[in-house]
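K.L.:
Handing you this structure, nothing more for now.
Numbering (the numbering used here), first residue to last: 1 to 321.
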């Protein structure tokens with residue numbers, strides 16, 4: 001089973017027992033999404049390639065049209081199907097464009113596949129069907145993703161109700177359970193952490209100060225301001241009391257930005273970058289990354305002014321997971 005489960009999106013309010021169950025697969029996705037919004041139900045979207053991919057015909061017969069499957073899935077989801085034709089001439093150009101737009105939108109990798117979507121049409125998981133899978137395996141795969149979605153949504157709901165250190169701990173739980181794509185959307189939570197826990201009772205403030213600094217530094221890098229990006233990290237680590245592991249990562253990353261950003265064109269910059277690596281080593285000497293940092297330091301020391309090409313170095317820290 002190929003399952004790509006993403007972080008939950010939106011709030012989950014549970015099933016309304018009065019909401020009608022879907023009883024069939026509807027081939028008009030837009031109509032299904034309209035119904036899903038009205039009923040506040042998630043969507044189970046089947047991408048198939050009947051008549052040409054060698055698998056979808058059996059999947060449609062043995063899984064999609066199985067009465068047990070429709071009964072179980074219809075209670076939880078609105079059911080939609082997009083059947084990709086074998087050739088472009090089988091449907092109108094407009095319809096073919098729609099099909100490919102949806103395939104790209106939902107990161108379709110293979111047919112047949114089931115995509116799980118929120119009422120707003122945001123994907124939170126997928127099941128890529130394989131011929132050896134039976135009906136129960138497909139149901140289990142869908143339910144596992146759905147349960148994960150509910151758990152993440154409940155966690156978000158709990159965060160909104162919490163305050164102080166408890167909220168910080170819940171934010172961290174959400175962050176660690178989220179995909180990289182979802183982590184990138186957590187900026188507001190990340191920025192909130194220091195104010196929620198001014199005494200750092202959670203032991204997590206340094207981690208989130210560093211993550212906030214990464215976000216700000218990224219904006220400088222997008223503008224081509226390498227020095228500005230480096231300075232953001234240095235202000236963070238030198239302007240506040242953060243744990244040694246995060247201080248080490250901040251110094252290392254600042255040095256890495258200098259090296260890869262083409263700043264090592266003068267002896268002054270080379271010496272300054274070396275000093276940053278030395279600070280990274282000194283602030284957390286028991287770190288597992290000391291050997292890597294020493295190798296990086298020696299590499300920078302070997303540079304001469306105007307020699308700006310460095311082999312790419314592995315990241316020394318892990319807080320930006």
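All C-beta atoms, glycine included, are put in the ideal place defined by N, C-alpha and C.
Quick one: grab the DSSP three-state call for residue 214.
P.N.:
Your numbering for residue 214 matches position 214 in the chain shown. Reduced to three states, the DSSP call for residue 214 is helix.
K.L.:
Which of the three DSSP states is assigned to residue 47 in this structure?
P.N.:
Position 47 of the chain shown, counted from the start, is the residue given in the question as residue 47. Residue 47 falls in the strand class under three-state DSSP.
K.L.:
Could you tell me which residues DSSP puts in a beta bridge with residue 78?
P.N.:
Within the chain shown, residue 78 is the residue found at index 78, counting from 1. For residue 78, which the question treats as bridged, DSSP gives the partners 43.
K.L.:
Which residue marks the beginning of the beta strand (DSSP E) containing residue 127, and which one marks its end?
P.N.:
For the purposes of this step, residue 127 is identified with residue 127 of the chain shown, where counting begins at 1. Note, residue 127: beta strand (DSSP E), 123-128.
K.L.:
Confirm, please, whether the CB-CB distance from residue 46 to residue 81 is below 8 Å.
P.N.:
Sequence index remark: in the chain shown, residue 81 carries index 81 (1-based). Sequence index remark: in the chain shown, residue 46 carries index 46 (1-based). Yes, these two residues count as a Cβ contact at 8 Å.
K.L.:
Do you know whose CA, among 30, 204, 54, lies nearest residue 121's CA?
P.N.:
Within the chain shown, numbered from 1, the residue matching residue 121 stands at position 121. Nearest of 30, 204, 54 to residue 121, Cα basis: 30.
K.L.:
Ends of the alpha helix (DSSP H) at residue 163?
P.N.:
Along the chain shown, one-based indexing puts residue 163 at 163. No alpha helix (DSSP H) holds residue 163; DSSP gives it neither H nor E.
K.L.:
Mind checking which residues open and close the beta strand (DSSP E) that includes residue 113?
P.N.:
Working through the chain shown from its first residue, we reach residue 113 at position 113. 113-117 is the span of the beta strand (DSSP E), which, as asked, contains residue 113.
K.L.:
Entirely within the region 252-279 and at least 3 residues each: give me those beta strand (DSSP E) ranges in chain order.
P.N.:
For the region 252-279, not a single whole beta strand (DSSP E) run of length 3 or above is found.
K.L.:
Buried or exposed: which applies to residue 230, given that a residue is buried once 16 or more other Cβ atoms fall within 10 Å of its Cβ?
P.N.:
Along the chain shown, one-based indexing puts residue 230 at 230. So residue 230 ends up on the buried side.
K.L.:
For residue 257, which residues of its own chain have a beta-carbon under 7 Å away from its beta-carbon, when the five flanking residues on both sides are left out?
P.N.:
By 1-based counting over the chain shown, the position of residue 257 is 257. Counting only Cβ-Cβ distances below 7 Å, and skipping sequence neighbours, we find 226, 229, 230.
K.L.:
To the nearest angstrom, how far is the alpha carbon of residue 83 from that of residue 181?
P.N.:
As a first step, residue 83 must be located in the chain shown, where it is residue number 83. As a first step, residue 181 must be located in the chain shown, where it is residue number 181. For residue 83 and residue 181, the distance between alpha carbons rounds to 28 Å.
K.L.:
Can you list the alpha helix (DSSP H) stretches of 4 or more residues lying completely in the region 57-112, in chain order?
P.N.:
Listed in chain order, they are 67-76, 93-105.
K.L.:
Take every Cβ of the region 240-249, pair it with every Cβ of the region 200-219, and state whether three or more of those distances are shorter than 8 Å.
P.N.:
Because the criterion of three Cβ pairs below 8 Å is met, the region 240-249 and the region 200-219 touch.
K.L.:
Pull the bridge partners of residue 26 from the DSSP assignment, please.
P.N.:
Counting from one through the chain shown, the residue named residue 26 turns up at place 26. In DSSP, residue 26 forms a bridge with 80.
K.L.:
Once you ignore the five residues that flank residue 164 on each side, which residues in its own chain have a CB closer than 8 Å to its CB?
P.N.:
For the purposes of this step, residue 164 is taken as the residue at position 164 of the chain shown. Cβ neighbours of residue 164 beyond the five flanking positions: 196, 197.
K.L.:
Determine the burial state of residue 87: buried for a count of at least 16 other Cβ atoms within 10 Å of its Cβ, exposed for fewer.
P.N.:
Counting from one through the chain shown, the residue named residue 87 turns up at place 87. With fewer than 16 other Cβ atoms within 10 Å, it is exposed.
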